[in-house]
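**Q** Chains as they are written, first to last, in our numbering: chain A, 73 to 559; chain H, 73 to 559.
A virtual CB, placed ideally from N, CA and C, is assigned to each residue, including glycine.
Protein chains: 2
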Amino acid sequence: MLTVTTKTSQQENLLAGLRAVLGEHGLLTDANDCARFTTGARYGQGSTLAVLRPDSHEQVVECVRLCADAEQAVVLQGANTGLVAASTPDASGRYVVLSLERIKKHIEVDVINRSVSVDAGVSLQELNEALEPHGLFFPIDLGANPSIGGMIAANTGGARLVKYGDVRQNLLGLRAVLMHPAGEVLDLQTALRKNNTGPDLKQLFVGSSGAYGIITRAVLQVHRIPKQTATALVVPRDQAAVLELLSVLERDCSEFLTAFEGVSGAALQAVLKHIPSISNPFAPEPVPHYCVLLELASTADPQVTGIDLESVLMRCLENLFGDVVENAVVGRGKDLWRIRHAISEALRHEGKMIAFDISMPRSSFVKFRDEGLALMAEKYPWIKVMDFGHWADGGCHFNMVWPSAEQAESTNAIPSYDAQVVQQIRTEIYDLVVNTYQGSFSAEHGVGPYNLDFYQRYTASSSRQLAGELQTMLDPKRLLGLTWFGE
Amino acid sequence: MLTVTTKTSQQENLLAGLRAVLGEHGLLTDANDCARFTTGARYGQGSTLAVLRPDSHEQVVECVRLCADAEQAVVLQGANTGLVAASTPDASGRYVVLSLERIKKHIEVDVINRSVSVDAGVSLQELNEALEPHGLFFPIDLGANPSIGGMIAANTGGARLVKYGDVRQNLLGLRAVLMHPAGEVLDLQTALRKNNTGPDLKQLFVGSSGAYGIITRAVLQVHRIPKQTATALVVPRDQAAVLELLSVLERDCSEFLTAFEGVSGAALQAVLKHIPSISNPFAPEPVPHYCVLLELASTADPQVTGIDLESVLMRCLENLFGDVVENAVVGRGKDLWRIRHAISEALRHEGKMIAFDISMPRSSFVKFRDEGLALMAEKYPWIKVMDFGHWADGGCHFNMVWPSAEQAESTNAIPSYDAQVVQQIRTEIYDLVVNTYQGSFSAEHGVGPYNLDFYQRYTASSSRQLAGELQTMLDPKRLLGLTWFGE
Chain A
73 MLTVTTKTSQ QENLLAGLRA VLGEHGLLTD ANDCARFTTG ARYGQGSTLA VLRPDSHEQV
133 VECVRLCADA EQAVVLQGAN TGLVAASTPD ASGRYVVLSL ERIKKHIEVD VINRSVSVDA
193 GVSLQELNEA LEPHGLFFPI DLGANPSIGG MIAANTGGAR LVKYGDVRQN LLGLRAVLMH
253 PAGEVLDLQT ALRKNNTGPD LKQLFVGSSG AYGIITRAVL QVHRIPKQTA TALVVPRDQA
313 AVLELLSVLE RDCSEFLTAF EGVSGAALQA VLKHIPSISN PFAPEPVPHY CVLLELASTA
373 DPQVTGIDLE SVLMRCLENL FGDVVENAVV GRGKDLWRIR HAISEALRHE GKMIAFDISM
433 PRSSFVKFRD EGLALMAEKY PWIKVMDFGH WADGGCHFNM VWPSAEQAES TNAIPSYDAQ
493 VVQQIRTEIY DLVVNTYQGS FSAEHGVGPY NLDFYQRYTA SSSRQLAGEL QTMLDPKRLL
553 GLTWFGE
Chain H
73 MLTVTTKTSQ QENLLAGLRA VLGEHGLLTD ANDCARFTTG ARYGQGSTLA VLRPDSHEQV
133 VECVRLCADA EQAVVLQGAN TGLVAASTPD ASGRYVVLSL ERIKKHIEVD VINRSVSVDA
193 GVSLQELNEA LEPHGLFFPI DLGANPSIGG MIAANTGGAR LVKYGDVRQN LLGLRAVLMH
253 PAGEVLDLQT ALRKNNTGPD LKQLFVGSSG AYGIITRAVL QVHRIPKQTA TALVVPRDQA
313 AVLELLSVLE RDCSEFLTAF EGVSGAALQA VLKHIPSISN PFAPEPVPHY CVLLELASTA
373 DPQVTGIDLE SVLMRCLENL FGDVVENAVV GRGKDLWRIR HAISEALRHE GKMIAFDISM
433 PRSSFVKFRD EGLALMAEKY PWIKVMDFGH WADGGCHFNM VWPSAEQAES TNAIPSYDAQ
493 VVQQIRTEIY DLVVNTYQGS FSAEHGVGPY NLDFYQRYTA SSSRQLAGEL QTMLDPKRLL
553 GLTWFGE
């Protein structure tokens, strides 16, 4: 897929200008060097005229000015871990990639304020390593290791949103470079929790898929690392009981509840089948129809407060046994989370994954799941639904697998994979989520070329009009990003 | 101050059109009827051509269309409780007031989702009365009783922000009517905690002082009413000890901490002097130099979890006695909160209040307070600083009083009140907060005519340019609101 594009003289001039700013090491044009920047984490494979690798905010400003002058289209990229192809150039070769991964010199922790000022190219893991000696962490819990700038552009959520909120809720300030006026710097680097001094401009850049401006630094609220956690894998009586369990936990343990992750029996089966090091936690009982991974956490030492979370959790669950709860394994937090984190890998062994990142009001969850499973069983019986989800915040990965031939369990033949059928399935599930249950077709992954058709389908015309006007205001020549939010 | 303005024939035509939409009861033009709409809660006193009182979203749309056609300037008003004069027309008489107070038919609670869909004119108190039977509440804790629409336009914070966040952090969705295109409805009424489907347009209307659009409905996240609380009034060793106390509480009680309110000795003295029903809680000890009102809360019944918050609080404080903490009164939550809530009234008895609503990084609090007190003592020795503040979220009401003649305690004469000197004091304190300590001149009250000069002074040109462009996009003829955020 690596293609060498012939450059125009205008492009040659631009590259010469960029090279003067960035140096040889800061500008990649060789297709092999560029390869890792042109391949998306899950979707997206393209080519690029060049990869710009500034190592300072000032170099970013210069790059933006040069690209704007040359009317050169630019794709922003952090760690390129996004799941909607918003940071990977397309195959046209008309884009340059502006990589922020070298903007990572600055991490300044304010322990008393529980905040950190951090360059956009710093990765989540690097940030947490810098915070750890202070007993602090940035609590967005993800499978990937994105850059901070990318996390803001996608407004990532994760498994512990119920406790800590999403990136937006922990963003105190930022600094952005605008495409228009070209290279203008918007300095909104406050470290304030309360600051109502007019429109909150930083909000424009959160969840905007890198199409509204270039974030070079952020100020984040950070949190204390918990001193104790209590974990359980709970088997609810039935689907309705999942909501009853959530309700009781939100009453009796609400201050401690950090995760409430539903795992379908099918997903658990797949983990046990394909990940040999994980065994059925309910053995000798069979794998249950459904289970919920619960986590409570506290920053307090049990010695100081007298609160032992595992006892608290046991007391709550005891009251529910025989009614809401059928079975439960308490403790062994690492083992239980390993099951949850192994699901995606396990599903890939089953065949081709069809991933969903949907959300809905919690009150619609049971009805949606029943209806979604029935729809799939009736119209696409060979597809295996292996869903899991963050019930407490309404998020659901209603993932499914198109089984590979060797995974066929019955004598019924499995049709060969058909991208058009997959797109039809997507549309039917999204229609159900959005139109019937007022949910979202993209809960935490954002919008990019991968799901832009669905953005157009489900976003009201008045919203697209306004989003497009905003984008035109910030980037009248549409040079920035792959995603056009207008009509 | 009530003035009768002579109407042009174009205005007469507009009023006739509005009367046809709103009916006689829905349109006020008599100056006496209009009086309560033209007087601000703290600042602002003006006159109006008419008060429009639509009782449905559809009537709002019609009003906006008619006003846009006639190029009639409009001031939005909820409960008119704001403290920056953003909802009160000026004296020019050129505005009409569009009051949302009758848009209050709809309150729909989703208990499982912990959310409520609510009309913009519903008051905070009415909302909480509707939520209470479900064991739920909207946790923005304020002295006033604003409308929900006004709370969004100001992004109110309050005393329990450390636990529950501000309005923005609890806003799931809204519906807004735009001035341009006139009467266009932006329907963003989702009830989702995770929804990353492009730019989050509802953020535009949060904290925009009613200048970007007209909110007619909101979807809010609500919370469970706590089952138990523990309260204490704590005397710290000195100012530095306030931050040490906060740090320990955020470690040992972080999940429960709902309020951390500093009260200066001067403010407490004023309360005891002017509010006869309140007595010194530390008696027979004298009034301390400073104290902190702490609150822990939990939704759990102590019988279920075995957690008794008062014991937890006692254990934490015991460890701090003789070092960080000099004295403490634990319990009697209502009495202790009465002291805190009586401060504003007490200060009014002392003379003319000069109120501040500032914030800064918590790490700057001690230095700022020392410097601010020294500045006042040196340059304005007759002014009494009687500050209190929400230390946990960085908010501070560095309030002061220009004593009335009868309050003079020494033989030194008190200069008579001088608005120019007050403006000079404001500027010096704000300069210290914003320029030296990277704080905010408006932490939770927002921006309006009252503090627009300071907005211009402290907001970077690039930010004002963008805010103005946004405003022009949404309201090219500048018909909406009193606040121009541009340069």
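Taking residue 368 (chain H) as the reference, which of H:322, H:393 and H:346 has the closest Cα?
**A** Nearest of H:322, H:393 and H:346 to residue 368 (chain H), Cα basis: H:322.
**Q** For residue 545 (chain A), list the residues DSSP reports as bridge partners.
**A** Beta-bridge pairing links residue 545 (chain A) to no other residue.
**Q** How about residue 227 (chain A): is its C-beta nearer than 9 Å to some C-beta of chain H?
**A** For residue 227 (chain A), the answer is yes, since a Cβ of chain H falls inside 9 Å of its Cβ.
**Q** Should the region 333–344 of chain A be regarded as contacting the region 353–364 of chain A, the criterion being three or more beta carbon pairs within less than 8 Å?
**A** Segments in contact, yes.
**Q** So what does DSSP say about residue 603 (chain A), is it helix, strand or coil?
**A** In the structure displayed, chain A extends from 73 to 559; residue 603 (chain A) sits before or after that span and is not available.
**Q** Going along the region 488–507 of chain A in order, which residues come within less than 9 Å of chain H, judged by CB to CB distance?
**A** Answer in chain order: no residues at all.
**Q** Select from A:164, A:340, A:399 and A:439 the residue whose C-alpha is nearest the C-alpha of residue 576 (chain A).
**A** Lying before the first or after the last residue shown, residue 576 (chain A) is absent from chain A, which here runs from 73 to 559.
**Q** Is residue 257 (chain A) close to chain H, meaning its C-beta is less than 9 Å from at least one C-beta of that chain?
**A** Output row for residue 257 (chain A): interface = yes.
**Q** Mind pulling the chain H residues with CB within less than 9 Å of residue 531 (chain A)?
**A** Per Cβ cutoff of 9 Å: 269 and 270.
**Q** Can you pull out the residues from the region 273–287 of chain A whose beta carbon lies closer than 8 Å to at least one beta carbon of chain H?
**A** The region 273–287 of chain A vs chain H, Cβ under 8 Å: 273, 275, 276, 278, 279, 280, 281 and 284.
**Q** Does chain A have any CB closer than 9 Å to the CB of residue 153 (chain H)?
**A** Chain A contact via Cβ: absent.
**Q** Kindly say whether residue 178 (chain A), judged by its beta-carbon, lies nearer than 9 Å to any beta-carbon of chain H.
**A** Answer no: the Cβ-Cβ gap between residue 178 (chain A) and chain H never drops below 9 Å.
**Q** Out of curiosity, what's the CA-to-CA distance linking residue 552 (chain H) and residue 145 (chain H)?
**A** So the two alpha carbons sit approximately 6 Å from each other.
**Q** With 8 Å as the limit, tell me which residues of the region 359–385 of chain A have their beta carbon closer than that to any beta carbon of chain H; keep them in chain order.
**A** Under the 8 Å Cβ criterion, the region 359–385 of chain A contributes 370, 371, 372, 373, 376, 377, 378, 379, 383 and 384.
**Q** Just reading off the alpha helix (DSSP H) that residue 341 (chain H) is part of, what are its end residues?
**A** It spans 337–346 - the alpha helix (DSSP H) in which residue 341 (chain H) sits, taken as one unbroken run.
**Q** Along the beta strand (DSSP E) that carries residue 247 (chain A), what are the first and last residues, could you check?
**A** 243–249 is the extent of the beta strand (DSSP E) around residue 247 (chain A).
**Q** Nearest CA to the CA of residue 198 (chain A): which residue from A:217, A:213 and A:103?
**A** Residue A:217 is the option with its Cα nearest to residue 198 (chain A).
**Q** On the CB-based measure, 16 or more other CB atoms within 10 Å of its CB, does residue 78 (chain A) come out buried or exposed?
**A** Exposed, because fewer than 16 other Cβ atoms sit within 10 Å of the Cβ of residue 78 (chain A).
**Q** For chain H, check one thing: does any of its Cβ atoms lie closer than 9 Å to the Cβ of residue 559 (chain A)?
**A** So no, residue 559 (chain A) is outside the interface.
**Q** For the beta strand (DSSP E) that contains residue 370 (chain H), what are its first and last residues?
**A** Run containing residue 370 (chain H): 362–370, per the beta strand (DSSP E) assignment.
**Q** Could you check if residue 428 (chain H) is buried or exposed, using at least 16 other CB atoms within 10 Å of its CB as the buried criterion?
**A** Buried is the call here.
**Q** Tell me whether residue 315 (chain H) sits in a helix, a strand or coil according to DSSP, three-state version.
**A** In the structure shown, residue 315 (chain H) sits in a helix (DSSP, three-state: H, G or I).
**Q** Roughly how many angstroms separate the alpha carbons of residue 137 (chain H) and residue 275 (chain A), rounded to a whole number?
**A** Cα to Cα, residue 137 (chain H) sits roughly 29 Å from residue 275 (chain A).
**Q** Report yes or no: is there a C-beta of chain A within less than 9 Å of the C-beta of residue 440 (chain H)?
**A** Residue 440 (chain H) does not count as touching chain A.
**Q** Going residue by residue through the region 466–514 of chain H, where are the continuous alpha helix (DSSP H) segments of at least 4 residues, counting only ones entirely within it?
**A** Segments of the alpha helix (DSSP H) lying fully in the region 466–514 of chain H: 491–502.
**Q** Taking residue 260 (chain A) as part of the alpha helix (DSSP H), name the residues at either end of that continuous run.
**A** Careful: residue 260 (chain A) lies outside any alpha helix (DSSP H), inside the beta strand (DSSP E) at 257–260.
**Q** What separation, rounded to the nearest whole angstrom, lies between the Cα atoms of residue 534 (chain H) and residue 178 (chain A)?
**A** Whole-angstrom Cα-Cα distance: 23 Å.
**Q** How far does the beta strand (DSSP E) with residue 289 (chain H) in it reach, from first residue to last?
**A** Element bounds for residue 289 (chain H): 286–293.
**Q** For a contact meaning CB atoms closer than 8 Å, what does residue 519 (chain H) contact in chain A?
**A** The answer, in chain order, is 268, 269 and 270.
**Q** Flag this pair as yes or no: are the beta carbons of residue 244 (chain A) and residue 269 (chain A) separated by less than 9 Å?
**A** Their beta carbons are not under 9 Å apart, which means residue 244 (chain A) does not touch residue 269 (chain A) by this criterion.
**Q** Are at least three pairs of beta-carbons, each pair with one atom in the region 466–476 of chain A and one in the region 428–447 of chain A, less than 8 Å apart?
**A** With the cut-off at 8 Å, the region 466–476 of chain A and the region 428–447 of chain A touch.
**Q** From the beta carbon of residue 395 (chain H), is the nearest beta carbon of chain A less than 9 Å away?
**A** With 9 Å as the cut-off, residue 395 (chain H) does not count as an interface residue toward chain A.
**Q** Following the continuous alpha helix (DSSP H) through residue 202 (chain H), name the residue where it begins and the one where it ends.
**A** From DSSP, the alpha helix (DSSP H) with residue 202 (chain H) extends over 196–203.
**Q** Starting from residue 399 (chain A), follow the beta strand (DSSP E) in both directions and report where the run begins and ends.
**A** Counting along the chain, the beta strand (DSSP E) containing residue 399 (chain A) begins and ends at 397–402.
**Q** What did DSSP end up calling residue 307 (chain A) once you bin it into helix, strand or coil?
**A** Three-state DSSP puts residue 307 (chain A) in a strand.
**Q** For residue 504 (chain H) and residue 439 (chain H), what's the separation of their Cα atoms in angstroms?
**A** Using only the alpha carbons, I get a separation of about 11 Å.
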